[in-house]
Amino acid sequence: MCGIMGYLGNQEARPILLQGLENLEYRGYDSTGLSILSETGEFQSVKSTGRLSALKSVLEKNKLSGNVGIGHTRWATHGQVTVENAHPHLDCNNSVAVVQNGIIENYRQIKENLQSRGHIFKSDTDSEVIPHLIEEVLDQGQSLESAVEFALTQVKGSVTLLVTQSKIDPKIVAARLGNAGGLVIGVEDNELFIASDIPALLPFSNNIMFLNPGEIAILSTDGIEFVDDQGRTIEKQVSTQLVNATEPDKGEYDWFMYKEIMEQPDVLLNVLRDRVGIDNFSLELPELSSITEQLPKINRVILMGCGTSYHAALVGKGFIESITKLPAQAEIASEFRYANQVIRDTDLVVALTQSGETADTLEAMEKAKQAGAVLIAITNVLDSQSTRIADASLHMRAGIEVGVASTKTFTASLLILYILSIYLGKNRSSVSEIELTEHIHDLEKLPEYIGNALNESPNIHLLAKDYANTQYFLFMARGLLFPIALEGALKLKEISYIHAEGHPAGEMKHGPIALIGPDVTTIALAPNVPNKEKTETTIEEIKTRNGVVLGVVTAGDSNLASRLDGCLFLPSVPVNLVPIVAAIPMQLFAYFIALEKGLDIDHPRNLAKSVTVE
Ligand code: M6R
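Quick note, the working numbering runs 5 ahead of the 1-based positions in the sequence shown.
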């Protein structure tokens, strides 16, 4: 979703803003723009629809020069994808430029009021009300920061923004209201960088400061000052990020998604490192030390997330119930935040979010926190907002995931949930020493099993070639494989734009079987797990009606394979690991279908990596 980048220093702002925005491309966007202050303090702005490469072409003809600027990649919410709607937005006097991420819920009312006072709007966006609100306060002779503070008192919703003003000593004011994505500031001698996310700052600074909701930062040639929403000064420390100052690289691969799929054995090894002792059969989660004293009172676990992270929550519910032996439920965070759920201080709430910035998940977390629940975040981004809301956090350690379609962060989430279930079970004495040893034996082999599943890649590619023109896919499974069926359908629809649905196999004859016909291919997840024969019965029912069925089948199961139209083979693995390993053919199949269709796999249409608005 929208990416923000700002620079104030002594170098040319243009290449720095472009590089920062390029490193935020993974978030998803549909238009771009920059405003740079010239030597004489005037705004020079350039905007474009489409990718950053289009903006760069415009900049070839119009080389903006100056040492202070703000830039934006826009993911449209209000107003179509046009040059006029791209950010930055300026006020009537061209004295203020604003880039914004978020949604201003009451913008229509504010816009009407401003128009009635003579303001002229150039876009259909909600964001454009901000520069006009600021303009009115500046006209009264107040400072830029006072004007931003005032504007924030007028808007309802969640916003993250940068504002800069012409013809004054260079200044960028940054502010956050609610959870509409983060802002990270990089501090170097005589230079300040500010962006939505750390990857944008990696080439420039490792000295990082974070802006929290309700805070304002004033960046100037004198340095940086923080105030809260009451205007009181806040002291903040610089933290040094131990990050590799290189951009993610596709290496030998054509697409980040394929690279990220293939990285999964290493990612899962990383998840296990220091947490699971293979030699001494130990399992520790030191990251949870701050909440261990609260664990004995827990009598229910609520897992939540959006999209792929919700699918992980569904698998997590199964792990918690079968291993920890606690009641558990999985919730869609965007629903949970508004639902009349009973949440108690004896609940453990586990929020899953690879980005750590999904607005709906953050709001659902705030709700759980206010109700007194113990709150754990499972995230791939250390220092993301999710880790600041949670009582304790478990890091996915998957490395930056660039492909919009989540792959390695999904399996990393599943593995952490499995480890967490054992950890809680150990804590509550529902996992015996013998069971612990068995679980650790299984976990030791997981990276190898994932590697074996990935070895099927060429066969899955061949199958995908045959089915790339299919119009509808129906995924079905039972038990803990049902969330994997949902994930298979989500992966396929988001990158190949083919209609796909996931259903519990037992529900087929209650409705979805009516869909079976020549245009529909069913993918049945039927590896060796308890109740597999029940799924086989449903397969028979579909075959009887001349349906085409592909199966996710354990290698060597020639009996089932012979009754199917095609197979995606899995290695034989212990039952608890089947959902994690079965995610691999789902990801590969979706990837190869999209490849055959010649689509932009890493940047599927309409989607964003980091969903920072509601
Ligand atoms: O960053 P999050 O895990 O909170 O993101 C939630 C969803 O937007 C995300 O899982 C989305 O469904 C996937 N990128 C789809 O592949």
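Using N, Cα and C, we set each Cβ at its ideal position, and we do this for glycine too. Please read these numbers as outputs of a predicted model, since none were measured by experiment.
Compute the Euclidean distance between the alpha carbons of residue i and residue j, then round it to the nearest angstrom.
| i | j | result |
| --- | --- | --- |
| A152 | K372 | 31 Å |
| R79 | Q105 | 9 Å |
| L422 | L273 | 12 Å |
| Q85 | I139 | 24 Å |
| E443 | I325 | 17 Å |
| E154 | D234 | 7 Å |
| G561 | N536 | 18 Å |
| K255 | F261 | 6 Å |
| Q147 | S210 | 32 Å |
| L300 | V354 | 12 Å |
| V409 | D144 | 43 Å |
| L182 | A200 | 16 Å |
| E133 | K127 | 8 Å |
| A510 | P463 | 28 Å |
| G123 | E117 | 10 Å |
| L565 | P579 | 19 Å |
| A222 | E230 | 6 Å |
| E546 | I500 | 30 Å |
| G228 | S615 | 30 Å |
| L13 | P208 | 15 Å |
| E150 | E27 | 28 Å |
| E461 | P590 | 8 Å |
| S244 | N212 | 6 Å |
| T158 | N111 | 12 Å |
Run through DSSP, which three-state label would residue i get?
| i | result |
| --- | --- |
| H608 | coil |
| P204 | helix |
| H83 | coil |
| D393 | Just to set this straight, residue 393 is Arg in the shown sequence, not Asp. In the structure shown, R393 sits in a helix (DSSP, three-state: H, G or I). |
| A91 | coil |
| A333 | strand |
| P576 | coil |
| I229 | strand |
| R181 | strand |
| F480 | strand |
| R237 | coil |
| E44 | coil |
| N2 | Residue 2 is absent from the structure shown; the chain starts at 6 and stops at 619. |
Flag residue i as yes when its Cβ comes closer than 7 Å to any non-hydrogen atom of ligand 1, and as no otherwise.
| i | result |
| --- | --- |
| V616 | yes |
| V409 | yes |
| L495 | yes |
| G404 | no |
| S201 | no |
| E257 | no |
| G359 | Here residue 359 is Gln; the residue named in the question, Gly, does not match the sequence. Because some heavy atom of ligand 1 lies under 7 Å away, the Cβ of Q359 counts as near it: yes. |
| E499 | yes |
| C572 | no |
| S314 | yes |
| G310 | yes |
| T363 | yes |
| T82 | no |
| T416 | no |
| T78 | no |
| T366 | yes |
Quick test of your reading: residue i and residue j, contact by CB under 8 Å. State the CB separation rounded to the nearest angstrom.
| i | j | result |
| --- | --- | --- |
| I445 | F286 | 5 Å |
| V189 | V101 | No, V189 and V101 are not in contact; Cβ-Cβ is about 23 Å, not under 8 Å. |
| E619 | I108 | 6 Å |
| T130 | N90 | 5 Å |
| G187 | F215 | 7 Å |
| L95 | F48 | 7 Å |
| P175 | L42 | 6 Å |
| L357 | G310 | 4 Å |
| H504 | M481 | 15 Å between Cβ atoms; not a contact. |
Mind checking residue i: buried by the 16 CB within 10 Å criterion, or exposed?
| i | result |
| --- | --- |
| I283 | exposed |
| H515 | exposed |
| G571 | buried |
| D607 | buried |
| Y343 | exposed |
| T527 | buried |
| I439 | exposed |
| E362 | buried |
| F236 | Sequence check: residue 236 is Gly here, not Phe. Label assigned to G236: exposed. |
| E492 | buried |
| D194 | exposed |
| R32 | buried |
Would you say residue i reaches chain C, if we count a Cβ-Cβ gap shorter than 8 Å as a contact?
| i | result |
| --- | --- |
| V347 | Among the chains of the structure shown, chain C does not appear; only one protein chain is present. |
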